[in-house]
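Peer 1: In my numbering, the protein residues as written are 1270 to 1336.
The beta carbon of each residue, even a glycine, is placed where N, CA and C say it ideally should be.
Below: one structure in structure tokens.
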Ligand SMILES: [Zn+2]
């Protein structure tokens, strides 16, 4: 009964590759979409603890920190 480990590992890897919903501000910055970032930063309530970006929606940040 040691086969369950490899199965769950494979699922985890697949989940990590699913970066389709890359609407994160942090991701936009890397792509140079600064204008979109600026729009999001308007009325920001959250700050990304890791990248230093701001957004009104905590879902846009990889490590949201309430301002
Ligand atoms: Zn971030």
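Considering only the beta carbon of each residue, do residue 1335 and residue 1314 sit closer than 8 Å?
Peer 2: yes
Peer 1: Give the DSSP-derived three-state secondary structure of residue 1305 in the structure shown.
Peer 2: helix
Peer 1: Could you tell me if residue 1303 is buried or exposed, where buried requires 16 or more neighbouring beta carbons within 10 angstroms of its beta carbon?
Peer 2: exposed
Peer 1: What is the rounded straight-line gap between the Cα of residue 1258 and the Cα of residue 1305?
Peer 2: Residue 1258 lies beyond the stretch modelled for the chain, which goes from 1270 to 1336, so this question has no answer here.
Peer 1: Name the two residues that bound the continuous beta strand (DSSP E) containing residue 1334.
Peer 2: 1333-1335
Peer 1: Out of curiosity, what's the CA-to-CA distance linking residue 1291 and residue 1319?
Peer 2: Confidence in residue 1291 is poor, its pLDDT being 45 and thus under 50, which makes the residue's placement too unreliable to answer from.
Peer 1: So, for residue 1325: in the same chain, excluding its five sequence neighbours on each side, which residues have a beta-carbon less than 6 Å away from its beta-carbon?
Peer 2: 1312, 1313 and 1314
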